[in-house]
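To start, the structure under review is shown below, and the notes come after it.
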Amino acid sequence: MGCESGEGECQTPRTYFEQNVWGTFMSTKCVRCHTPEGVAVLEKGAKFVLQPPSYPGFLDVNLKMLEDISRVDVDGKPLILVKPIGGDSHGGGEVLEEGSEEYENLKTLVDKIKNPPDCGDVDTQSIQGVINLSPAQTFRKAAIHLAGRLPTADEAKKVNSEEALDEALDGLMKEDLFLERIREMFNDSILTDRFDRYNDGLFVVNADDFPKVQDVRDGNGYDNYQRRMISKALAREPLNLVAYVVQQERPITEILTADYVAVNGWNGEVYGVGGFANPENENEFKEAKLTTYDGTAVPHAGVLTTGSFLIRWPTTPTNRSRGRARQVFKSFLAFNVLKISERPVDASKITAVDNPTMNSLACSVCHQYIDPVAGFFRGWSENGDYTKFYVDADWHNDMVSPGFNGDQMPPDSYDAGLAWGASQMVKDPRFVIAMVHTVYTGITGREPLAYPSDDTAADYKDRLAAWDAQDAFFREASDALIADNYNLKTVVKAVIKSPYFRASGAVNVSQAKLADMGSGRLLTPEMLNRKIRAVTGVYWGYYDGDGYRRDMLHRETGENYFVFYGGMDSNSVIKHLELPNGTVAAVASRMANEMACKVTAWDFTKTPESRRFFPLVGPEIVPESAGNEVPASVTLIKQNIAYLHHLILGENVTEDSPEVQRTYQLYLDTWHELAAAGGNPDLPYWCRGQWDAATGAELPEEQRIYEDPSYSLRSWQAVMTYLLMDYRFLFD
Amino acid sequence: MNRRDVLKLLSLAGLATIGPIGVSAVSAAEPVYKGPFWIMLNAGGGWDPTILCDPKGGTLKDPANPDEGYTDDSVNHFEKGIDVGPFKAAPVNWAQDFDGTVVELYSSEKFLTEHGKRLLVVNGVDTQTNNHEVGNRVTWSGRPLDGQPALAALLAAFGAQDKDLPLAFMSSGGYDATAGVVALARAEANLRVVQRVAYPNVINVENLNNPDDPPQTYHTQETMGRIYAAQAERLQGMSNREILPTHKKGMDALFLARQGSGSLGALADELANVDPVTVPKAFPDEFGALDQNAFGGDFRNLLQQAQLALHAFHAGVAVAANMSIGGFDTHSAHDNDQSRQMMKLLKAYSYIWKLAAELGIENNLYVVVGSDFGRTPYYNEGNGKDHWNTTSMLLAGPQIEGNRVIGATDDGFRPMRVDPKDVTKILPDDDKAGVRIEPHHIHRELRRVAGLEGTSLDTQWGLPGDGLPLLG
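Top to bottom, those sequences are chains A and B. Under numbering that gives the first Met the number 0, the first residue of the first sequence carries the number 0, and numbering increases by one thereafter. Under numbering that gives the first Met the number 0, the first residue of the second sequence carries the number 0, and numbering increases by one thereafter.
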């Protein structure tokens, strides 16, 4: 059937369903009884089940339900048109009046389902009027986000088109730091980095199964550094698997279905896996199949069977891995099971029935989802150890049988329940949605928009348009992921190239429509740490007596700022701060002061052509001489300020712009203040140009700068502080 | 040297903290905020009030042979509660063997004996949920809906109005949604770190108290002020021009955050003579000989959360603090594990009041104790207890009359009702003239005594239903 020309905008069944059926009455009238916890479903066993907006892909799931039920006829009429008007003994009686607009809309939808119009791509909805960053600007932002670096000079020159941006992004995603970002994105969900702390990771594997770990724990033949690195590799087994799959561009489904552990040279020590080109390289992996102490082969199922995941989400003999199942839904199926049952519960109803998790409606509403998946974990103990589970062994008869989406787990898979479950879950559309959401949130720092619920709000239509556009983007990204053999890099690239990351402005677009546009997230401590290094060439921290780098934003550095900057320990603090508070602002000020002190005089110790910050001015370039402005010097100072705005903030400003003028005024006022005060020209000890700020090594005596007789160094130091504490440096 | 002297010296040396525009220096005279202060103490995972303040007891299978244990329908594995004034205390304690010496951490009876005078115990609170997420929200915000700000956030926003309070709402976990009414802050009690954060322009904070060798600064006071002023001007200009709401929100938040970081110096001064608390330091008479992590690192961590919050209150830089300890989701080995965590929680409660008294703020402090929900009035096959909507809350503070119990549950730990005209009167659950106590009733009352009632924060984040005069 062609497009309905002459009848206005062509609407697919999905669009029509959302705008004329779901949005106008089904989301209020039908869901009263037909959600999974509704009376019709729970008490009457109705097969017409509508998922709430918290369910991933709820519109598609509900439309599919309507499509299925539209095929069922009663006396020659679709059941879906009979029940709402009170027919066929509808438990809810007459909900819609026959002939009403709502009923007619439902009829139209049924027609559209049976005879879908060909509307081409009209379902692809985007917000018009959004202005995006240029390819070069987008790449700078992406390089900082994904690889913790600035574009190289060559990249800055080359990335001047969308095609060049694609190519440059492909290059970025081959770098090691990109894998670290991938780990961070997935840790935000599975939180296994809780054990990446000191030697905690040494306790996520069983010493009976892997006796070598006991030697590492005891320090027999391993120094502190080696123990820490092995601990890290064990703690990060689930995240390293994700990193490996992404690195190798394997299907992301493998993070659940892998029948191996991704081992690097460090945890290879514990598992007896060797042959690494560089055993100290955390990103060189080998696939290993493990066996327990008695030779039982571990039935690997990717992340799910790693010790770190199993202990991070522990269970008890009576919980029977239900908590783990809930986490599996949340992390890998984008489904928060607890969201489907937030209605009031009456305790007395629970006590009235035997085995409430199966038989009490208050409990079974969630347990019907959780218990079958909990059954995948058979054989895995509370401590994450595997004991062979024989296919004829008993499982709990008072739980819903193991299975997925209504399919029961075949008995011959009972000894590898998670592997079977994983093979089912990756086929579920919600898995792809979960992967897209993980990347989206990991990059932008924001959860996907919630479906607007208040249809009386003045901006409801615009909010709905924003949700629709984002939902359409997620569906496109999901399709692209599948089409590219589940290569997660495809989604990363899609998010980076979308207005959700690169929007920089808009023309004639309402605030509601722009709700999630543009990424300007408060950088996490980890991201800020990398950006400081990327921009200044120097880490914020110091080298300890053993020569190890101690970053001030790392939680294991003595007297660090990790907690004050809102750092997430993946234990009690499990969310990043989205907005700064007073302490975050104060830490940023401290960082700006320390870094400005560290690098300003040091930069002037170099030759102009090798300076990072001040290539256009020397210490002798000052704005005035004998009370008179020196125009040539002022020009050079302003040109260098414009250069710094670009280097540190990514801003393209000219020397006569208001922003450069403001920064110049700061420089000038500081210079005047210092010049007027005169006095001791000594720089504060730690702000001298005495050391290589990148390595901490002392500079040759002839190269050092101890004093600032022309006041220019301290004026530049003020400018550096000003720029390093700026919004555009702290947010990206 | 006291705080005022230190600040005077710093001021003379030109080293006092430079804040952003409008916040010129730390006030040496008075704390910015003088109370009331609020602590929300969360038992994470769903606690069991029947082992604390609402005991039911159990029935021995064979009274002549107690070793046979209790009947299957017993709520508790002990016979009955103990009278402690108006309270019933469960005969439950927690003791640990330290190299052959058994040391009791605490007991419910001792807790109610020690703190009964200040405590209002509200029993029979119906959270109407067995869902952790909803339970957390409803207990600490008064409403089950997503996105509700925690009571602590509202109180912090209310207390911090027009004040420079960088740590107005400190959270170490639990339900800490803010809905944007106040910035959520995280902190730790490391003196050097606090000093460096409080004095970002001071290079060597170690010298802050050294009049013979005063600290150096990165920039002169005037220059630092100029940098902040230029930053504020730039940020305001950017925000005014910004179109994208996500960006604008961040710019405005940073601008506001810089307004509220000046008084961190007060906390740094406060902590100058404070060592991080350990178990033996907190209770030298009882546990002086024990290891600093005795009874578990989570206990020490909870004590440190309390120490930092109380000192932040005393320094006048905070209004409300969330504290939390987990381990209450005892689906197995309930009696052992729940008792252990419960006594850690209660002993930390003791420490809170002890330190508050030492700091002289105990008459201006509210402490609210609660949890996601309660636990079943029966044991599962693993001797655990599962989720149950009935719970209790403990309230204490200057406008809360203590030594009282309000609300009750029946023998099956189901909520009973109270007479709305006289809440001390307990009515059976089938008497519809009565009202089941729900979290929103308690929140409404707490908002009232906090002075929040009728404010824009109160109306914007309204509570359902009618009030109950629980606090008189």
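Idealized CB from N, CA, C, for every residue including glycine. Every value quoted in this text rests on a predicted model; they were computed, and no experiment measured them.
- Go to residue 590 of chain A, then tell me how far its alpha helix (DSSP H) extends in each direction, as first and last residue. DSSP places residue 590 of chain A in the uninterrupted alpha helix (DSSP H) bounded by 581-603.
Notebook entry, point to check: Does residue 106 of chain B have its Cβ less than 9 Å from a Cβ in chain A?
Noted result: no
Whole angstroms are fine: how far does the CA of residue 596 of chain A sit from the CA of residue 25 of chain B? Unreliable placement is indicated for residue 25 of chain B, whose pLDDT of 35 sits below 50; the coordinate value is still reported in the next sentence. The alpha-carbon atoms of residue 25 of chain B and residue 596 of chain A are separated by roughly 24 Å.
Anticipated Cβ contact below 8 Å, residue 396 of chain B with residue 348 of chain B, distance rounded: About 13 Å separates the two Cβ atoms, so there is no contact after all.
**Asked** Since residue 38 of chain A contacts residue 29 of chain A with CB under 8 Å, what's their CB separation in whole angstroms?
**Response** So it is not a contact: roughly 12 Å between Cβ atoms.
Query raised in the report: Taking 8 Å as the line, does the beta carbon of residue 380 of chain A fall inside it for any heavy atom of the ligand NAD?
Result: Within the structure as shown, the ligand NAD is missing, as the structure has no ligands at all.
Could you give the first and the last residue of the continuous alpha helix (DSSP H) run that contains residue 159 of chain A? Unbroken run through residue 159 of chain A: none, as it is neither H nor E.
So, is residue 637 of chain A buried or exposed, given that buried needs 16 or more other C-beta atoms within 10 angstroms?
buried
Does residue 26 of chain B come within less than 9 Å of chain A when only Cβ atoms are used? No answer about residue 26 of chain B holds up, because its pLDDT of 35 lies below 50 and its placement is not dependable.
Exercise for review: Tell whether a beta-carbon distance below 9 Å holds between residue 110 of chain B and residue 90 of chain B.
Suggested key: no
query = Quick one: is residue 226 of chain B near chain A, going by C-beta distance under 9 Å?
reply = Judged by the 9 Å Cβ criterion, residue 226 of chain B is in contact with chain A.
Contact check, residue 227 of chain B vs residue 257 of chain B, beta carbons under 9 Å:
yes
Checklist entry - Can at least three beta-carbon pairs, one atom from the segment 340-355 of chain B and one from the segment 276-295 of chain B, be found at a separation below 8 Å? => result Yes, since at least three Cβ pairs between the segment 340-355 of chain B and the segment 276-295 of chain B fall closer than 8 Å, the two stretches touch.
Notebook entry, point to check: Taking just the CA atoms, how far does residue 65 of chain A sit from residue 96 of chain A?
Noted result: 19 Å
Helix, strand or coil: which one does DSSP assign to residue 394 of chain A? coil
Review point. For residue 63 of chain A, is the classification buried or exposed, using 16 other Cβ atoms within 10 angstroms of its Cβ as the cut-off for buried?
Key: exposed
* For the putative contact between residue 672 of chain A and residue 221 of chain B, defined by C-beta atoms under 8 Å, what is the C-beta separation to the nearest angstrom? -> 6 Å
Check: Between the segment 510-537 of chain A and chain B, which residues of the former have a C-beta closer than 9 Å to a C-beta of the latter?
Finding: 510, 511, 513, 514, 515, 516, 517, 518, 519, 520 and 521
Reference residue 183 of chain A, options A/655, A/604 and A/573, closest by Cα: A/573
For this session: In angstroms with no decimal places, state the Cα-to-Cα distance between residue 285 of chain A and residue 235 of chain A.
Result: Near 15 Å, if we compare the C-alpha coordinates of residue 235 of chain A and residue 285 of chain A.
Of the choices B/116, B/192, B/181 and B/166, whose alpha-carbon is the least far from that of residue 157 of chain B?
B/181
Assuming residue 646 of chain A and residue 728 of chain A make a contact with CB atoms under 8 Å, what is their CB distance in whole Å?
Actually they do not touch by this definition, with Cβ atoms about 11 Å apart.
Practice task
Name the one or two DSSP bridge partners that residue 414 of chain B has.
Solution key: B/408
Hey, residue 393 of chain B and residue 183 of chain B: beta-carbon distance below 9 Å or not? In this structure, residue 183 of chain B does not lie closer than 9 Å to residue 393 of chain B by Cβ.
- Nearest-angstrom Cα separation, counted from residue 369 of chain A out to residue 425 of chain A: 17 Å
Item to complete: Compare the C-beta of residue 182 of chain B with all C-beta atoms of chain A and state if any pair is closer than 9 Å.
Response: Contacts with chain A at 9 Å (Cβ-Cβ) include residue 182 of chain B.
Q | Proximity of residue 371 of chain B and residue 141 of chain B at Cβ, strictly below 9 Å | A | For residue 371 of chain B and residue 141 of chain B, no; Cβs fall outside 9 Å.
| request: Determine the DSSP secondary structure at residue 368 of chain B, reduced to helix, strand or coil. | output: DSSP places residue 368 of chain B in strand when its eight states are reduced to three.
Status (buried if at least 16 other CB within 10 Å, exposed otherwise) for residue 338 of chain B = Buried, because 16 or more other Cβ atoms sit within 10 Å of the Cβ of residue 338 of chain B.
Original post:
Can you find a C-beta in chain A that's less than 9 Å from the C-beta of residue 290 of chain B?
Top reply: no
Name the DSSP beta bridge partners of residue 386 of chain B, please?
Beta-bridge pairing links residue 386 of chain B to B/374.
TODO: Note down the Cα distance separating residue 22 of chain B from residue 152 of chain A, rounded to an integer number of angstroms.
DONE: Any answer about residue 22 of chain B is weak, because its pLDDT of 28 lies below 50 and its placement is not dependable; what the coordinates show is given next. Spanning the two alpha carbons is a distance of roughly 42 Å.
Three-way DSSP call (helix, strand, coil) for residue 131 of chain A in this model: Secondary structure at residue 131 of chain A: strand, using DSSP grouped into helix, strand and coil.
ask   = Per the contact definition of three or more C-beta pairs closer than 8 Å, is the segment 716-731 of chain A in contact with the segment 512-521 of chain A?
value = Note that the segment 512-521 of chain A touches the segment 716-731 of chain A; at least 3 beta-carbon pairs, one per stretch, sit closer than 8 Å.
Any beta carbon of chain B sitting closer than 9 Å to that of residue 448 of chain A? no
Output yes if chain A places a C-beta closer than 9 Å to the C-beta of residue 217 of chain B; else output no. yes
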